[in-house]
Amino acid sequence: MRSSSPRRRPLPEPRAHETALAERLLARERDAVPEALNLIDDRRPDRREAALVLLDALASGARVRAAAGGVSPTCVGVTGAPGSGKSTLLDALVRKLRRGGETVGIVAVDPSSRRSGGALLGDRARVRSGAHDAGVFLRSMAARERLGGLADATWASVTVLAAVFDHVFVETVGVGQSEAEIADLADTLLFVAQPGAGDVLQFMKAGVLEHPDVFAVNKADQGPAAERTASELETGLALASRDRCGWTAPVLLVSAQDGRGIDALMATLRAHREHLVASGEGAQRRARGRQALVSDALERRYGSYGIERIGGREALLARVRQAEHVSGFALVLALGLEIEAALRRETGGSHRGGAPT
Amino acid sequence: MRSSRRDRPWVFRTYSGHTSAAASNALYRTNLARGQTGLSVAFDLPTQTGYDADHPLARGEVGKVGVPIGHIADMQTLFDEIPLDRMNTSMTINATAAWLLSLYVAAAERQGVDPRQLSGTTQNDIIKEYLSRGTYAFPPEPSMRLISDMIAYTVDAIPKWNPINICSYHLQEAGATPEQEIAFAMANAIAVLDAVRARDDLPADALPRVVGRISFFLNAGIRFLEETCKCRAMTELWDEITRERYGVQDASLRRFRYGVQVNSLGLTEAQPENNVIRIVLEALGVTLSKNARCRALQLPAWNEALGLPRPWDQQWSLRIQQILAYETDLLEYADIFDGSPVIERKVQAMKTAAREELDRVLAMGGAVAAVENAYMKRRLVESHTARLRAIEKHELSVVGVNCYEEHERSPLVDGAQAILTVDESAEREQIERLEAFRRQRNAADVDAALKALRDAVGAGQNVMPPSIRAAHAGVTTGEWADVFRSLFGDYRAPTGVSVSTVADSDEALEAVRSQVRALGEQLGRPPKLLVGKPGLDGHSNGAEQIAVRARDVGMEVVYDGIRLTPEEIVQSARDEGVHVIGLSILSGSHGVLVLDVLEGLRRAGLSVPVVVGGIIPDDDAETLRKAGVQRVYTPKDWDLNRIMSEIAQLVAEAAAPA
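Chains A and B are the protein sequences, given in the same order. Here the first sequence stands for residues 78 to 434, numbered as in this note's numbering. Here the second sequence stands for residues 485 to 1142, numbered as in this note's numbering.
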């Protein structure tokens, strides 16, 4: 199996159902989105394979669309501590986009309980602009930390939403951890702070200053407290290395309540997108993210022992880099089959990688 | 031996109102004739949340939990032949309190009564609406402004009116411990008084008089000695706070004045006749201690957990008050607890704990901040979870529910339906009256009144005078509220569930957890449950407890809070890819709303099982099951683990290949 180059389409025979589903999504059919998200959420091995087929079809479709001069959607990650008003701010942004006739897909991630494995996915109704509006789609997800990472589930969801909607937002709760996980996935990472959120030291300790591209201090209607927090963030950013490839992460004062600063925030998000294109940073980021996606997904499923069967992690990353025109999902599927074949040869039995547990 | 010196009894009230202004007026006159000494008006949910009867959100709710009041003519009908200068009226109205008081004043003026003669209470406590009751309409800041406007207006214009009733009642219903009840109520009162003190349109000497008009609305639970201590602790604390923080010198203005509705949380659907005994004991809790005795008392009906009480049920509760006040020797003694070291110790312990919690809330910016950051809500959800766990684990005994369940058949509930049903034509007739009213009013007057109101709000002037003018001009409840909605925006309060802590494990919980885990393997992902509250009913305590327990057994739960339309619930079910839907309704409008959700699911091609929880009479439950609802849960289903297990079973069956 080593001989099979990832450049050739290594997929099993096309699955009619998944292909049809992909076509509906690429035709921007909103009604197809829930089914697709249900599929990629499913951990049963055969469903997982079907999901990868679907996602690969979507990735190819998106490339075709981009090559034809279509605008590819932006993915903005929104993070911040609970209570910082992320949902309300997101609602304000969504309203603005909707007024311009642009459609929006949102993935909102909440933590899972470590003890029970359950999760409360709450308060999303604050994104009220989505009610009765087919141009807005919202899906809540549990992070399922103990089942291994937020990254590949959100990655897959974003791929589905990006096929259908003009803008994609990924909202996560938590400070520190989730920024790093979302940083490679999102084009732009927006951090929402609330007034009085803490001093510089706390921001730095939490590691929130490293990844975000834009900082928004919400609840600017509360006056001096918001300004103080903004200046503390500025100070912290001056201490950290803030300049990344010619982009200096700005700190904006906004209020989802009275609407101040929302236009400026929107303009900043657009400016960052233009910067990503002009500087080439966007392509680099996506390439980094793709490597992380493939290696993490394979490692989670087959462990380092499985990765060793195809030459180890470095060799794996080299192959991902080399196969630059193949979608990450197709690589996960192809390399997974390769690992399984190697394991089968080794044990002489019919080993099959189970669902990650 | 009957002593000749008896204290004057408290005001006897019964919380009532339903169907229409005319039907409620007849009920009030009957109750007054039977010896009730004050009125307590229950408004329906559209009136409470500021919608006209013909608004889409009002569907199914008109006349259900109270009387619909859409305009001045409804208000005049409600008090027809009831002289308002001689009546003491309590109105359970909050988000739209300024409007209902305006209609009341206008109705009085049309009776030829000077507003200065009016006495009574508007509940007008928005904080607890965000925390528990759910009939808020606007965001906290502008809502606090409306409250402050009413207080500033009434202090001189309607001097015998209690413009606000700080409610700890609903905090207990939401699960508060007595200490939380005290602390959060005091924090709430402080938020209100601070807002009034910050106004620049009040004379300097007005603040003590304002303090003197602040009244409270308390709950009284079955632990009636503890409740007595709570009332004494609040009496002392209020005296201290008003002296220290607001510098009130006149002791009579620092007096803790409160009304009570005794506990509904502890009333059971099982063996409901036992509730009469509970109600009597709870009434004792707030009347025994003369120095901390309530000023007004409302007793619920014994069958409240079954549905809407009938006039006979309400009469029975009134008789309890009359026997307590007129037959017993309760009112013949000075305070019987003064000098008791046992009571004193308990009171001081409660005060200390409450002070600590109060300081914590004040330190985070006060009650409004503690609503917005969900601190208070989270504490309440946790306390409520702990209470339900204690019942499940038999640490808390509830007779007829988790012990002594075996019983004789009750002649009170056998046979005929022992509750009141609101005629389904009430909604249509109310809409017809509304349309007729709109046709006969002067459109130019209405437009001018609405413009004047909008201008006054925009200019930061007191909203009361233009609201009273709008009442006379024929503005409707929905039109009045729309002015504020358009200026202030909609608001959704935090649900408080997402940050609540996971329950400690035990055998029963573990069993359901493994069942849910196995189900997750079968489904390929953990089961996902949508908890929905359709309609205007804001009583979210039950829905929150279901959401929290579902999380604790390993389900992924989508809970979007209150006041969703059936369409929004169907959309959420589809977009979120849920395996099962749980609907919670306590307003009695389950018929219309659940059927709308089922119909919406059918149209969307979704075959997701639906379960319903709430105060649902047996006959209605049968109707719902016939319409396709898989399970109906009522207050007698106290074992949450069993409910979770059944829901998991339903999902497993729905997912199994046919």
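Quick reminder that beta carbons are idealized off the backbone N, C-alpha and C, glycines included. Values in this document were obtained by computation on a predicted structure and should not be read as measured data.
Checklist entry - Hey, would you say B:E788 sits closer than 7 Å to B:S748, going by beta carbons? => result Residue numbering aside, residue 788 of chain B sits at position 304 when the second sequence is read from its first letter. Residue numbering aside, residue 748 of chain B sits at position 264 when the second sequence is read from its first letter. Yes, Cβ-Cβ distance for B:E788 and B:S748 is below 7 Å.
Checklist entry - Is there a Cβ from chain B that is less than 7 Å from the Cβ of A:D335? => result In the first sequence, counting from the first residue as 1, residue 335 of chain A sits at position 258. No, because no Cβ of chain B sits closer than 7 Å to the Cβ of A:D335.
Next on the checklist: Mapping the DSSP letters down to three states, classify B:G560 as helix, strand or coil.
Outcome noted: Reading the second sequence from its first residue, position 76 is the one you call residue 560 of chain B. Residue identity differs from the one stated: residue 560 of chain B is Gln in this sequence, not Gly. The answer is helix: DSSP assigns B:Q560 an H, G or I state.
Checklist entry - Of the residues that make up the region 104 to 137 of chain A, which ones have a beta carbon closer than 7 Å to any beta carbon in chain B? => result P111, L114, N115, D118, D119, R120, R121 and R124
Checklist entry - Under the three-state reduction of DSSP, which class applies to B:M1039: helix, strand or coil? => result Residue numbering aside, residue 1039 of chain B sits at position 555 when the second sequence is read from its first letter. Here B:M1039 sits in coil by DSSP.
Next on the checklist: Can you give me the C-alpha to C-alpha distance between A:L250 and A:L166, rounded to a whole angstrom?
Outcome noted: Counting from one through the first sequence, the residue named residue 250 of chain A turns up at place 173. Counting from one through the first sequence, the residue named residue 166 of chain A turns up at place 89. In the sequence as presented, Leu is not what sits at residue 250 of chain A; that position holds Val. Distance between the alpha carbons of A:V250 and A:L166: 14 Å.
Checklist entry - Considering only residues of the same chain and omitting the five flanking positions on each side of A:R223, which have a CB-CB separation below 8 Å? => result Position 146 of the first sequence, counted from the start, is the residue given in the question as residue 223 of chain A. Confidence at A:R223 is low in this model, with a pLDDT of 48, below 50, so the placement of that residue should be treated as unreliable; the coordinate-derived value is given next. Taken in chain order, the residues that qualify are S189, R191 and G194.
Item to check | Exposure of B:K1110, with buried meaning 16 or more beta-carbon neighbours within 10 Å | outcome: Sequence index remark: in the second sequence, residue 1110 of chain B carries index 626 (1-based). Classification of B:K1110: exposed, given that the 10 Å Cβ count is below 16.
Item to check | Amino acids of chain A, ordered along the chain, whose beta-carbon sits closer than 8 Å to that of B:M860 | outcome: Sequence index remark: in the second sequence, residue 860 of chain B carries index 376 (1-based). By Cβ distance, chain A contributes nothing, its closest Cβ being about 13 Å from B:M860, past 8 Å.
Item to check | Sequence-distant residues of its chain with Cβ nearer than 8 Å to B:A965 (five each side left out) | outcome: Stepping through the second sequence from its first residue, residue 965 of chain B is reached at position 481. Cβ-Cβ distances below 8 Å link B:A965 to T533, G534, Y535, A579, T580, W583 and A621 in the same chain, with the five nearest sequence neighbours on each side left out; the list follows chain order.
Checklist entry - Is any beta-carbon of chain A found at less than 7 Å from that of B:D990? => result Taking the second sequence and counting its residues from 1, one reaches residue 990 of chain B at position 506. With 7 Å as the cut-off, B:D990 does not count as an interface residue toward chain A.
Checklist entry - Would you call B:N926 buried or exposed, if buried means 16 or more other Cβ atoms sit within 10 Å of its Cβ? => result For the purposes of this step, residue 926 of chain B is taken as residue 442 along the second sequence, with counting starting at 1. Burial call: exposed.
Item to check | Endpoints, alpha helix (DSSP H) assigned at A:V285 | outcome: To locate residue 285 of chain A, count along the first sequence from 1; it is residue 208. Note, A:V285: premise wrong, no alpha helix (DSSP H); not H, not E.
Next on the checklist: Is there a Cβ of chain A sitting closer than 7 Å to that of B:M1039, yes or no?
Outcome noted: Taking the first residue of the second sequence as position 1, residue 1039 of chain B is located at position 555. Chain A, which has a Cβ nearer than 7 Å to the Cβ of B:M1039, makes this yes.
Next on the checklist: Pop quiz: B:N1125 and B:A992 are said to be a contact at Cβ under 8 Å. What is the actual Cβ separation, rounded to whole angstroms?
Outcome noted: Position 641 of the second sequence, counting from 1, holds the residue named residue 1125 of chain B. Position 508 of the second sequence, counting from 1, holds the residue named residue 992 of chain B. Correct: roughly 5 Å between the Cβ atoms.
Next on the checklist: In the DSSP output, what is B:W645 paired with across the bridge?
Outcome noted: If you number the second sequence from 1, residue 645 of chain B lands on position 161. Beta-bridge pairing links B:W645 to B:G604.
Next on the checklist: Could you compute how far the alpha carbon of B:V1158 sits from the alpha carbon of B:V1037?
Outcome noted: Since the first residue of chain B shown is 485 and the last is 1142, residue 1158 of chain B is not available in this structure.
Item to check | Three-state class that DSSP yields for A:D187 in the structure shown | outcome: Here residue 187 of chain A refers to the residue found at position 110 of the first sequence. Strand at A:D187.
Next on the checklist: Mapping the DSSP letters down to three states, classify B:H740 as helix, strand or coil.
Outcome noted: Stepping through the second sequence from its first residue, residue 740 of chain B is reached at position 256. What sits at residue 740 of chain B in the sequence shown is Phe, not His. In the three-state scheme derived from DSSP, where H, G and I count as helix and E and B as strand, B:F740 is classed as coil.
Next on the checklist: Just to confirm, is the Cβ distance from B:G659 to B:G705 under 7 Å?
Outcome noted: Position 175 of the second sequence, counted from the first residue, corresponds to residue 659 of chain B. Position 221 of the second sequence, counted from the first residue, corresponds to residue 705 of chain B. Against a cut-off of 7 Å, the Cβ pair of B:G705 and B:G659 comes out as no contact.
Checklist entry - Within this structure, are the beta carbons of B:R1096 and B:V1113 separated by less than 7 Å? => result Looking up residue 1096 of chain B in the second sequence gives position 612. Looking up residue 1113 of chain B in the second sequence gives position 629. Strictly speaking, residue 1096 of chain B in this sequence is Val, with Arg absent from that position. Yes, the pair counts as a contact, with Cβ atoms nearer than the cut-off.
Checklist entry - In chain order, what residues of the same chain lie with their CB nearer than 6 Å to the CB of A:L116, ignoring the 5 residues before and after it? => result As a working mapping, residue 116 of chain A is identified with position 39 in the first sequence. Closer than 6 Å at Cβ, skipping near neighbours: A128.
Next on the checklist: For a minimum of 3 consecutive residues, which ranges assigned as the beta strand (DSSP E) are wholly contained in the region 715 to 793 of chain B?
Outcome noted: If one requires a minimum length of 3 residues, the beta strand (DSSP E) runs lying completely within the region 715 to 793 of chain B are 742 to 746 and 780 to 782, in chain order.
Next on the checklist: I'd like the list of long-range same chain contacts for A:P327, defined as Cβ closer than 8 Å, with 5 residues on each side in sequence excluded.
Outcome noted: One-based indexing of the first sequence puts residue 327 of chain A at position 250. Counting only Cβ-Cβ distances below 8 Å, and skipping sequence neighbours, we find V291, F292 and T345.
Next on the checklist: 7 Å is my cut-off, CB to CB: does A:R175 come that close to chain B?
Outcome noted: Stepping through the first sequence from its first residue, residue 175 of chain A is reached at position 98. Answer no: the Cβ-Cβ gap between A:R175 and chain B never drops below 7 Å.
Checklist entry - Cα separation between B:D528 and B:L1020? => result Here residue 528 of chain B refers to the residue found at position 44 of the second sequence. Here residue 1020 of chain B refers to the residue found at position 536 of the second sequence. Their backbone Cα atoms lie some 10 Å apart in a straight line.
Item to check | Integer Cβ distance of B:Q664 from B:E841, believed to fall under 8 Å | outcome: Within the second sequence, residue 664 of chain B is the residue found at index 180, counting from 1. Within the second sequence, residue 841 of chain B is the residue found at index 357, counting from 1. At roughly 6 Å, the Cβ-Cβ gap stays under 8 Å, so B:Q664 and B:E841 are in contact.
Next on the checklist: Under DSSP, the beta strand (DSSP E) around B:V1064 begins and ends at which residues?
Outcome noted: Here residue 1064 of chain B refers to the residue found at position 580 when the second sequence is read from its first residue. Looking at the DSSP string, the run of the beta strand (DSSP E) that includes B:V1064 is V1064 to I1069.
Checklist entry - Can you name the start and end residues of the beta strand (DSSP E) that B:T576 belongs to? => result Walking along the second sequence from the start, residue 576 of chain B turns up at place 92. Residues N572 to T576.
Checklist entry - What does DSSP give as the partner residues of B:G1097 in its beta bridges? => result As a position in the second sequence, residue 1097 of chain B is number 613, starting the count at 1. DSSP output for B:G1097 lists B:S1068 and B:Y1117 as bridge partner(s).
Item to check | Three-way DSSP call (helix, strand, coil) for A:R378 in this model | outcome: Position 301 of the first sequence, counting from 1, holds the residue named residue 378 of chain A. Of the three classes helix, strand and coil, the one that applies to A:R378 here is helix, per DSSP.
Item to check | Cβ separation of B:T561 and B:A506, assumed to be a contact under 8 Å, to the nearest whole Å | outcome: Within the second sequence, residue 561 of chain B is the residue found at index 77, counting from 1. Within the second sequence, residue 506 of chain B is the residue found at index 22, counting from 1. 5 Å between Cβ atoms; contact.
Item to check | Completely contained alpha helix (DSSP H) runs for the region 312 to 375 of chain A, where each covers 4 or more residues | outcome: 339 to 356
Item to check | Option in B:G1022, B:E1106 and B:P1011 with minimal Cα separation from B:V1064 | outcome: What you label residue 1064 of chain B is simply residue 580 of the second sequence in a count that begins at 1. Selected option, being the one with the closest Cα: B:P1011.
Checklist entry - In chain A, what lies closer than 8 Å to B:R1058 by C-beta? => result If you number the second sequence from 1, residue 1058 of chain B lands on position 574. Neighbours of B:R1058 on chain A, chain order: P111.
Next on the checklist: Just to confirm, is the Cβ distance from B:I648 to B:S627 under 7 Å?
Outcome noted: Within the second sequence, residue 648 of chain B is the residue found at index 164, counting from 1. Within the second sequence, residue 627 of chain B is the residue found at index 143, counting from 1. Not a contact, by the Cβ cut-off of 7 Å.
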